[in-house]
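Following: one structure in structure tokens, then a few remarks.
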Amino acid sequence: MEQILQGEARAAVLRQLPRLLLPWYDKNKRDLPWRKDTDPYRVWVSEIMLQQTRVEAAKEHYIRFLRELPTVQALAACPEERLLKLWEGLGYYSRARNLQKAARIVASEGFPDTAEGWKKLPGIGDYTAGAIVSIAFQKPAAAVDGNVIRVLSRLLGDARPAEALKTSFQKELQPALPQGRCGDFTQSLMELGATVCLPASPLCLTCPLLALCQTKSDALPLPKAKPARRQVSMTLFLFMQAGKAALFRRTAGVLQGMYGFFYVEEALSPAAARQKLQKAGLTNFTLGAPQAHRHVFTHIEWDMAAYAVQLPPPAPADAAPQGFSPAAEGPLAAAAPQGFSAAAFDAAFAPAAHADAAALEWYAPAEIRKNISLPSAFRWCLPLLREEGEKEG
């Protein structure tokens, strides 16, 4: 690897980028749905979806999202649960909530047309603001994401940490943005990083910048040491009664505000799970075989075992044990399983549980699949609910 380019030599290389990248981009760019229209709303939605999400995963979500919410006004007025259902599968649900918060401001005040204006909105940082302004408004605003950092660090032989590179490239790219094609230039750099200048095994011989590149390898950028993920063992209980399943909203931690199944942060064998349920006051139930799954977040791994718990039909309302008062209108709102006590339930599962009996809401599995936004950390359990329903029938 050659020495890092400095001063005028560095600026001279960056000035050549439009001449080399734009013809390559015109010939090689992928056919992506968000490239068919540079309306600021559509560009904005695509940029938020593409944060920490693969292009292939975002494509169908983008089309479906805009089919139902074609304008910023429609997004601003959308019920949150419906918004989250449309976002289901993309993860990082705070992005959707911030998108709607910002949409309500834009619906009232109009679209900003400067990077500084966009950065005042919830969920918009330097990169997203630069991408929207350059693509939708054709203004010279640099957009530096991980792809761009990778391309330019290799091109210039610059081995500084990523944060230093981001700040530096943000300023250095600004003069290189070509009048009239700012958006195409922004996308050409991102496209090069996504399809040619890959994190590992870059396709250097096909790169339009090969002659200028100081690295010609994957030596840069230097990898950042990642902290080890925290390991969490979890046991999920998928309570089913009269064709409905119990859900609850998480009130803290990852996936806060999202629906999930009742769980405890401990690994329970079938015998221990059965004993725990009996201690909770359930005297008549069918316990399914455990199903294992691992879900990986950025900093946490959940090692999960899920048990389907089939409860008998509810007793008449006047036979329900005292002290049990579910929150929603499901079959247990008027009656509870025989022997079921909210106090005993909560005592049996405390302190490892993340919901209490009164927080459980009851929905038919078909309704969950259609209307309830269930994160992928819990959505893998849905086939277990269907299997239990089939057994009932």
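Position 132, counted from 1, in the sequence shown is what the working numbering calls 132; the numbers after and before it change by one each time, with no gaps.
Virtual Cβ for every residue (Gly too), placed ideally from N, Cα, C.
Just so we're clear, the structure is a prediction, and the values are computed from it rather than from any experiment.
Rounded distance between the beta-carbons of residue j and residue i, thought under 8 Å
| i | j | result |
| --- | --- | --- |
| Lys-279 | Ala-377 | Contact flag wrong, Cβ pair sits at about 26 Å. |
| Ala-115 | Gly-130 | 5 Å |
| Pro-40 | Tyr-62 | Between Tyr-62 and Pro-40 the Cβ distance is about 15 Å, and since that is not below 8 Å, they are no contact. |
| Gln-406 | Thr-286 | In the structure as shown, the chain begins at 1 and stops at 393. Residue 406 is therefore absent and cannot be evaluated. |
| Leu-238 | Leu-17 | That belief does not hold up - the Cβ atoms of Leu-238 and Leu-17 are roughly 54 Å apart, past 8 Å. |
| Gly-157 | Leu-5 | 6 Å |
| Ile-132 | Trp-118 | 6 Å |
| Leu-165 | Cys-213 | Leu-165 to Cys-213, Cβ: 16 Å. No contact. |
| Thr-186 | Ile-135 | 6 Å |
| Ala-271 | Ala-305 | In fact, because the Cβ distance is near 13 Å, the residues do not count as touching under 8 Å. |
| Phe-262 | Leu-360 | 7 Å |
| Gly-281 | Ala-344 | 4 Å |
Local conformation of residue i per DSSP, three classes
| i | result |
| --- | --- |
| Glu-266 | coil |
| Tyr-127 | helix |
| Tyr-259 | strand |
| Gln-16 | coil |
| Ile-149 | helix |
| Lys-216 | coil |
| Ser-201 | coil |
| Tyr-92 | coil |
| Lys-226 | coil |
| Ser-108 | helix |
| Phe-297 | coil |
| Gln-138 | coil |
| Ser-168 | helix |
| Lys-276 | helix |
| Ala-355 | coil |
| Phe-237 | strand |
| Ala-348 | helix |
| Lys-36 | coil |
| Val-309 | strand |
| Asp-184 | helix |
Distance CB(residue i)-CB(residue j) smaller than 9 Å
| i | j | result |
| --- | --- | --- |
| Tyr-307 | Ala-289 | yes |
| Gln-241 | Pro-314 | yes |
| Leu-22 | Asp-184 | yes |
| Glu-191 | Asn-371 | no |
| Val-144 | Phe-169 | yes |
| Thr-128 | Trp-24 | no |
| Leu-374 | Gly-260 | yes |
| Leu-121 | Gln-100 | no |
| Ala-246 | Trp-380 | no |
| Cys-78 | Leu-86 | yes |
| Glu-68 | Ala-76 | no |
| Ala-364 | Gly-243 | yes |
| Ser-46 | Ala-57 | no |
| Ala-103 | Val-72 | yes |
| Asp-346 | Met-234 | no |
Same chain only: Cβ atoms within 7 Å of residue i, ignoring 5 sequence neighbours per side
| i | result |
| --- | --- |
| Gln-322 | With a pLDDT of 35 at Gln-322, under the threshold of 50, the modelled position of that residue is not reliable, and the figure given next carries that caveat. Hits under 7 Å: none found. |
| Ile-300 | Arg-229, Arg-230, Val-232 and Val-254 |
| Leu-222 | Ala-159 |
| Ala-200 | Asp-218 |
| Val-151 | Leu-189, Leu-192, Gly-193 and Cys-197 |
| Pro-208 | Leu-20, Leu-21 and Trp-24 |
| Ala-96 | Leu-83, Leu-84 and Trp-87 |
| Thr-38 | Ile-135, Ala-136 and Gly-183 |
| Met-49 | Ala-58, His-61, Tyr-62 and Leu-90 |
Close beta carbons around residue i, own chain, < 8 Å, minus the five adjacent residues each side
| i | result |
| --- | --- |
| Arg-15 | Pro-175 and Ala-176 |
| Gly-91 | Gln-52, Thr-53, Pro-375 and Ser-376 |
| Arg-274 | Leu-287 |
| Ala-11 | Glu-172 and Pro-175 |
Chain-order list of residues whose beta-carbon lies under 6 Å from that of residue i (same chain, five-residue window excluded)
| i | result |
| --- | --- |
| Asn-147 | Met-190, Gly-193 and Ala-194 |
| Asp-113 | Phe-137 |
| Ile-124 | Trp-118 |
| Ala-141 | Ala-115, Gly-130, Val-133 and Ser-134 |
| Pro-70 | none |
| Arg-250 | Gln-256, Met-258 and Gly-260 |
| Pro-178 | Pro-18 and Phe-185 |
beta-carbon residue i near the ligand MG non-hydrogen atom, thresh 8 Å
| i | result |
| --- | --- |
| Leu-212 | Ligands are entirely absent from the displayed structure, and the ligand MG is therefore not among its contents. |
> What are the complete alpha helix (DSSP H) segments, minimum 4 residues, inside the region 41 to 84?
Replying inline: 55 to 68 and 72 to 77
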